[in-house]
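Novice: Have a look at this one before I ask anything.
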Amino acid sequence: MISTPPREHVTQMLVDWSKSDHDAPARLIPFVYDELRQLARQYLQRERPDHTLQATGLVHEAYLRLVDQSTTTWQNRAHFFGVAAQVMRRILVDYARAHRAEKRGGGWDKLAFDEALAPSMERNVDLIALDDALKDLLAFDPRQSQIVELRFFGGLTNEEIGEVLDISPRTVKREWRLAKAWLRREIMTGEDNAAGR
Amino acid sequence: MRPAGERWVRIKELFEAAVNLDPNQRTALLDEECGGDETLRGEIESLLKSDERTEDFIERPAFAIPHDLFPDNVEEPVVGREFGAYQVIREIGRGGLGAVYLAARADDEYRKQVAIKLVRRGLDTEDILRRFRNERQILAQLDHPNIARLIDGGTTGDGLPYFVMEYVNGEPINAYCDANALPTTERLKLFRKVCAAVTYAHQNLVIHRDLKPSNILVTQEGEPKLLDFGIATLLSTGDELFTQTIPALRVMTPEYASPEQVKGEKIMTTSDVYSLGVLLYELLTGQRPYRLKTRTPEEIARAISEQEPERPSTAVSQRPDRNSPRSGPSRTGPLRNPKSLRGDLDNIVLMAMRKEPARRYTSVGQFSEDIRRHLEGLPVRARKDTVTYRASKFVNRHRIGVAAAALVLLSLVGGIVTTLRQAQTAERAKVKAEATSAFLQRMLNASSPDRNSGAQPTVKDLLDEASKRLANGYLSGQPEVRAELQRVIGTTYLSLGQYDLANQNLSAALKEQTRIYGEDGLETLKTKLCLATLWGGSIGNYAKADKFYRHKLSTLRAYHKKGTLSADYLSNALNGFALLQRAQGDSKEAEKLLREQLDLRSQVSPEAQNGLGVAETVLALTLADQGEFDEAVGIVRRKVAEVRAQTHSETPELCASLTGLGSFLIEKGAFAEAEENLRAAETVYRKIYNAANMQLGDNLRLQAQACLALRQYPEAEAKINAALEIYRAASGPRYVNYPTALMVQGVIYSQTGRTAGAEKLLREAVRIRAENVPETHFLRATANGALGEFLTTQARFPEAESFLLASYESLKKSQAENSPRTRLALQRLANLYEAWNKPDRAAPYRASLSGSRS
């Protein structure tokens, strides 16, 4: 079904988006997802098996490959990063879920998971709990939730986030601090309750 | 804790204030700010505590991507898996978001085959899941032999949603026609079945938005089936319809998308009419309608919005060239006979494909009906675009030239030249003339093409520029000239429906002229008359307008008697006051004023004669208000016949009389005839005026009322949306008919099950009426009546009763006993008490209802 080179396509979708095509994000996701997957695979094949990859580099590279910068604006770029962060969040949380299911002995037999590589995932954070807490945060402060998504899952800097959301980096910093405090409290409370049960 | 709204804002504020303070200051701040609110204080303190311990919590980006996150094949095989009672046999299609599989009932003897649609793993984001659910919900509502049926739906063990659909083993409609070498007649019959399916979807408030051959498969039995409602939209989401736009270029063959789709404008049922038009074009000619060189998305979008498609008959006769630069693959169907397409079929296809949604068939049903008429040798509704229309389009597209712009300005200044004659001294006249001509010169220089990056100015551009300059003090040394220019500009804005700008200019002129000529000076009164027209007619500031007419009409009559005020002005004043009296519920007084205006007939200038034609229609309206419906209908019918007999019949007065007739017929319950007259008026309006104006808005609103009464909901909704759009663009809620339009929209919502939206709209209408018209006014009663009726359907009887009684009591005073308005109010009350199970209270109203039948 999809025969046009993705580059032309993704670029066009970004341009449509700024013309208020509200379906654009949904249509972009498959392309971004495929690209991120493919890029990651290439890296992992080239590198030593214990080498891990930083998301930030991945997302930026996907952008360079997928988007024709000569016809797009900073707004298009911002939209792209927004989508990429969303996709990365999805990928990682799914991964964490599958991994958890495996540990409990559930699920189908996946490729063996090398525990030795696990530490490079945020050791201190329960991604699933964070994902749930972010959904709660989204309900009453969508902007904070988005800032966390862009920064933590998309690997964007405060300046880049400011561009994506069209706010100043100082606002990003302020919002980030409260969001972090709220999320941490939320997740820790959850753990305390679980421990106390 | 999940803090809501304001609470969270407060928490944020205090957290941000406290977080950078030292512990003692924090305590002081919280003592001060939280007062006794311990919960708030606890919340802030716990957040501050959490903040102190965050350290590197989520500070580093999430990952480091683990090694096996992207293995070569992360997707588990689907073939062989079971979904509910069905087992997957093979994949039959794959798109960006998901895949479609052929499956069969595992336990079934004859192994009934179905199609299963499944979201791709990893793509199950909120957005995509929402769209997937949307499609499932839409399909669940639709049960039609020509739409692929939803059989079942569910969620897989690992949480992916899927749905099971009727499996359509067929080929795309264009391929089917060609493979079976169907003759034109058969193609048309097949196409009408597709229309039936789309009409059914529209009746269920679903717009498909992606009609194209690959989504319309024809089975071996020759039945077309509509598939893929993946981007369909539900009209029931109300106002979202305005904001939702189509993903124009999602499809790889966007040639089926309508101009409004590629431009990202709002989508209506008429967008499906367009796509079906393109489909029919292709079925009849074997070609796509636009000539394209590169097929880039930009070029396709441009062709769709600008290029006029060639007539199908011409396209067929030029066809032999296999390497034609046409878009789309060359088809191998039989060469069709251009003669069979010429005339009707050309017109039908091109009418469906018109660039402006409002000029297409208003519904798919109407489109299909025209094809039926063609098949049966009856005359069809579709006509070629008229020369006038093409010309006006040319003018619109190229904007007006400098010469035309200059003419407009000169005519503006023309008004000033007449006043020059009245200037006291020759010397003063000369100064005025020079100032005026200098201003004109500057305007023309400022707006010449090379100074505006090549684009030629429109009338509006010139007015804006002129108005800005005058406001910035230009000609302030010549206050009389400046004020006159401002009046002329204000009046022109008024006729363009730009009320704020009209108001600004007229008010400035008035202030100056009052200073120069005094409050009762002729020029002052002339300007004030323009303002009164604005207040009374367009802005709904009745009190101000009323005061003016009451106090100054006799002065104006005196000026006219002396010969210093032209009959045109007095005629306008009488008309304005009449409209105002009517708007305030005194139709009798309005009638008198209109008759006085019509008596001036022999004195008014030829240009103002049209205005008198409109006055006759208004006279008819005032008679209708007083219950004299038959006389009213008689007047407008005579007027229509009279205008039609003239050589140039397409005039504003024809529009006004046809529209007036339409509105009477609606109140009398002759909806189909009303719609016919209104549509005829609309056609003329669109020919006369390039831009939409309020009269067209009123016409569309009335059409919506007729469609509503005929239960043609999608059409009614499209029309009322169009009317509201026109109203909003011009003056919004201040326009006298704006609340009426809200009421119509509210009733549409109510009758299509969107009760929350309906109530909001109806209450808004009542609120605006209460603010703008006196308590005794029938418009207020009408709004109360509509809300009361809605509340009755919601079984909120006591509330309904108060609105309906208020409505009836008021109408009883302002309307004749057998006027349709009073009868409607009686009807509503009777219905209320019957629904409330109080037949004894319904009885007297029922009795007056049968008693008042004329």
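Protein chains in written order, with the working numbering: chain A, 24 to 220; chain B, 1465 to 2318. From the three backbone atoms N, C-alpha and C, an ideal C-beta is built for every residue, glycine too. Since the model is a prediction, treat every value here as computed from it, not as a measurement.
#1: Alpha carbon to alpha carbon, how far is L2328(B) from K2056(B)?
#2: Cβ closer than 7 Å: which chain B residues qualify as neighbours of D164(A)?
#3: Start and end of the alpha helix (DSSP H) containing M2158(B)?
#4: Comparing the C-beta of G1469(B) with each C-beta of chain A, is any distance below 9 Å?
#5: Helix, strand or coil for I1615(B), going by three-state DSSP, please let me know.
#6: Pick out the complete alpha helix (DSSP H) segments inside the region 1625 to 1654 of chain B, 4 residues or longer, and give them in chain order.
#7: Is there a Cβ from chain B that is less than 9 Å from the Cβ of G128(A)?
#8: Among residues of its own chain, excluding the 5 on either side of R1999(B), which ones have a beta-carbon nearer than 6 Å to its beta-carbon?
#9: Nearest to I170(A) by alpha carbon, out of L188(A), I210(A) and K158(A)?
#10: DSSP puts F1547(B) in a beta bridge; with which residues?
#11: With 16 other CB atoms within 10 Å as the buried threshold, where does A119(A) fall?
#12: Along the beta strand (DSSP E) that carries P1688(B), what are the first and last residues, could you check?
#13: Find the residues of chain A that neighbour L1485(B), judging by a C-beta separation of less than 8 Å, and give them in chain order.
#14: List the residues that DSSP assigns as beta-bridge partners of E1555(B).
#15: Can you pull the DSSP bridge partners for R1845(B)?
#16: By Cβ distance, which residues of its chain are closer than 6 Å to S1827(B), with the 5 residues on each side in sequence left out?
#17: Are the region 2282 to 2298 of chain B and the region 2243 to 2260 of chain B touching by the rule of at least three beta carbon pairs closer than 8 Å?
#18: Name, please, each residue of chain B whose Cβ falls closer than 9 Å to the Cβ of L201(A).
#19: List the whole-angstrom C-beta distance separating E2053(B) from Q2045(B), where the pair is believed to meet the contact cut-off of C-beta under 8 Å.
#20: In angstroms, rounded to a whole number, what distance separates the CA positions of K1803(B) and V1780(B)?
#21: Tell me the residue span of the alpha helix (DSSP H) that contains T2257(B).
#22: Does any residue of chain B have a CB that is nearer than 9 Å to the CB of A217(A)?
#23: So, Y1689(B) versus F1627(B), is the Cβ gap smaller than 9 Å?
#24: Looking at S1832(B) and R1656(B), is the spacing between their C-beta atoms short of 9 Å?
#25: Strictly by DSSP, which residues pair up with K1581(B)?
#26: Anything in chain A within Cβ reach of T1518(B), meaning under 7 Å, just list it in chain order.
#27: Using only alpha-carbon positions, find the residue among S2278(B), C2119(B), E2131(B) and R2021(B) that is nearest to S2051(B).
#28: Taking all protein chains shown into account, do 16 or more other C-beta atoms lie within 10 angstroms of the C-beta of N2036(B), making it buried, or fewer, making it exposed?
#29: Spell out the partners DSSP gives V2100(B) in its beta bridges.
#30: Whose Cβ in chain A lies nearer than 8 Å to the Cβ of I1680(B)?
#31: Using 8 Å for Cβ pairs, my map puts Y1825(B) next to V1682(B). What's the rounded Cβ distance?
#32: Kindly indicate if chain B contains any beta-carbon less than 9 Å away from that of V195(A).
#33: Using the Cα positions of V1552(B) and T1619(B), report the straight-line distance between them to the nearest angstrom.
#34: Pick helix, strand or coil for T1991(B), following the three-state DSSP scheme.
#35: So which residues of chain A does F2093(B) contact, with C-beta pairs closer than 8 Å?
#36: Who are the near neighbours of H1608(B) in its chain, counting only those whose CB is closer than 7 Å to its CB and skipping five residues on each side?
Specialist: On the basis of the data shown:
#1: With chain B represented from 1465 up to 2318, any question about residue 2328(B) goes unanswered, as that position is not in the structure.
#2: Taking the first residue of the first sequence as 1, we reach residue 164(A) at position 141. Chain B residues near D164(A): W1472.
#3: Against the second sequence, residue 2158(B) aligns to sequence position 694. Taken as a continuous stretch (DSSP letters only), the alpha helix (DSSP H) holding M2158(B) covers M2158 to A2173.
#4: For this step, residue 1469(B) is matched to residue 5 along the second sequence. It does; some Cβ of chain A falls within 9 Å.
#5: Within the second sequence, the letter at position 151 stands for residue 1615(B). Here DSSP, grouped into helix, strand and coil, assigns I1615(B) to strand.
#6: Runs of the alpha helix (DSSP H) inside the region 1625 to 1654 of chain B: 1637 to 1643.
#7: For this step, residue 128(A) is matched to residue 105 along the first sequence. Low confidence applies to G128(A): its pLDDT is 43, below 50, so where it sits in the model is not reliable, and the reading given next is rough at best. Interface with chain B (9 Å Cβ-Cβ cutoff): G128(A) is excluded.
#8: Translated into positions along the second sequence, residue 1999(B) becomes position 535. One point to set straight first is that residue 1999(B) is Trp, not Arg, in the sequence displayed. Hits under 6 Å: N2005, K2008 and A2009.
#9: For the purposes of this step, residue 170(A) is identified with residue 147 of the first sequence, where counting begins at 1. A check of alpha carbon separations from I170(A) across L188(A), I210(A) and K158(A) identifies L188(A) as the nearest.
#10: Position 83 of the second sequence, counted from the first residue, corresponds to residue 1547(B). Partner(s): Y1550(B).
#11: As a first step, residue 119(A) is located in the first sequence; it is residue number 96 there, counting from the start. Residue burial is scored here from C-beta neighbours: A119(A) has at least 16 other C-beta atoms within 10 angstroms and is therefore classed as buried.
#12: Working through the second sequence from its first residue, we reach residue 1688(B) at position 224. Element bounds for P1688(B): P1688 to L1690.
#13: The residue labelled residue 1485(B) in the question sits at position 21 within the second sequence. Chain A residues near L1485(B): none, gap ~14 Å exceeds 8 Å.
#14: As a first step, residue 1555(B) is located in the second sequence; it is residue number 91 there, counting from the start. BP columns for E1555(B) point to Y1565(B).
#15: As a first step, residue 1845(B) is located in the second sequence; it is residue number 381 there, counting from the start. Paired residue(s): none; R1845(B) is not in a bridge.
#16: Your numbering for residue 1827(B) matches position 363 in the second sequence. These residues qualify, in order along the chain: E2179.
#17: Remark: three or more beta-carbon pairs, one from each stretch, lie closer than 8 Å, so the region 2282 to 2298 of chain B and the region 2243 to 2260 of chain B are flagged as touching.
#18: If you number the first sequence from 1, residue 201(A) lands on position 178. Chain B residues near L201(A): I1475, K1476, F1479, E1480, V1483, L1511 and D1515.
#19: Counting from 1 along the second sequence, the entry for residue 2053(B) is found at position 589. Counting from 1 along the second sequence, the entry for residue 2045(B) is found at position 581. Confirmed, Cβ separation roughly 5 Å.
#20: Translated into the one-based positions of the second sequence, residue 1803(B) becomes position 339. Translated into the one-based positions of the second sequence, residue 1780(B) becomes position 316. K1803(B) and V1780(B): Cα-Cα distance of roughly 10 Å.
#21: Within the second sequence, numbered from 1, the residue matching residue 2257(B) stands at position 793. Element bounds for T2257(B): F2242 to T2257.
#22: For the purposes of this step, residue 217(A) is taken as the residue at position 194 of the first sequence. Reliability fails at A217(A), whose pLDDT of 40 lies under 50, so the model's placement of it is uncertain and the value that follows must be treated cautiously. Not one chain B Cβ lies under 9 Å of A217(A).
#23: Here residue 1689(B) refers to the residue found at position 225 of the second sequence. Here residue 1627(B) refers to the residue found at position 163 of the second sequence. A quick correction: the sequence has Lys, not Tyr, at residue 1689(B). K1689(B) is not a Cβ neighbour of F1627(B), given a cutoff of 9 Å.
#24: Stepping through the second sequence from its first residue, residue 1656(B) is reached at position 192. Stepping through the second sequence from its first residue, residue 1832(B) is reached at position 368. In this structure, the beta-carbon distance from R1656(B) to S1832(B) falls below 9 Å.
#25: Within the second sequence, the letter at position 117 stands for residue 1581(B). K1581(B) pairs with V1564(B) and F1627(B).
#26: Position 54 of the second sequence, counted from the start, is the residue given in the question as residue 1518(B). Going along chain A in sequence order, the residues near T1518(B) (Cβ under 7 Å) are K203, A204 and R207.
#27: Here residue 2051(B) refers to the residue found at position 587 of the second sequence. Considering only alpha carbons, the answer is S2278(B).
#28: Position 572 of the second sequence, counted from the first residue, corresponds to residue 2036(B). Classification for N2036(B): buried.
#29: The count along the second sequence starts at 1 and reaches residue 2100(B) at position 636. Beta-bridge partners assigned by DSSP to V2100(B): none are found.
#30: Here residue 1680(B) is taken as the residue at index 216 of the second sequence, counted from 1. Correct list: empty, because the minimum Cβ distance to chain A is about 16 Å.
#31: The sequence position of residue 1825(B) within the second sequence is 361, counting from 1. The sequence position of residue 1682(B) within the second sequence is 218, counting from 1. By a beta-carbon distance limit of 8 Å, Y1825(B) does not contact V1682(B). Their separation comes to about 23 Å.
#32: As a first step, residue 195(A) must be located in the first sequence, where it is residue number 172. With 9 Å as the cut-off, V195(A) does not count as an interface residue toward chain B.
#33: Locating residue 1552(B) in the second sequence gives position 88, where the first residue counts as 1. Locating residue 1619(B) in the second sequence gives position 155, where the first residue counts as 1. When only Cα atoms are considered, V1552(B) and T1619(B) end up about 15 Å apart.
#34: Here residue 1991(B) refers to the residue found at position 527 when the second sequence is read from its first residue. Of the three classes helix, strand and coil, the one that applies to T1991(B) here is helix, per DSSP.
#35: By one-based count along the second sequence, residue 2093(B) stands at place 629. F2093(B) does not reach chain A, its nearest Cβ partner there being about 47 Å away, counting only Cβ pairs nearer than 8 Å.
#36: By 1-based counting over the second sequence, the position of residue 1608(B) is 144. Excluding residues within five positions, the ones whose Cβ falls inside 7 Å are A1661 and Y1664.
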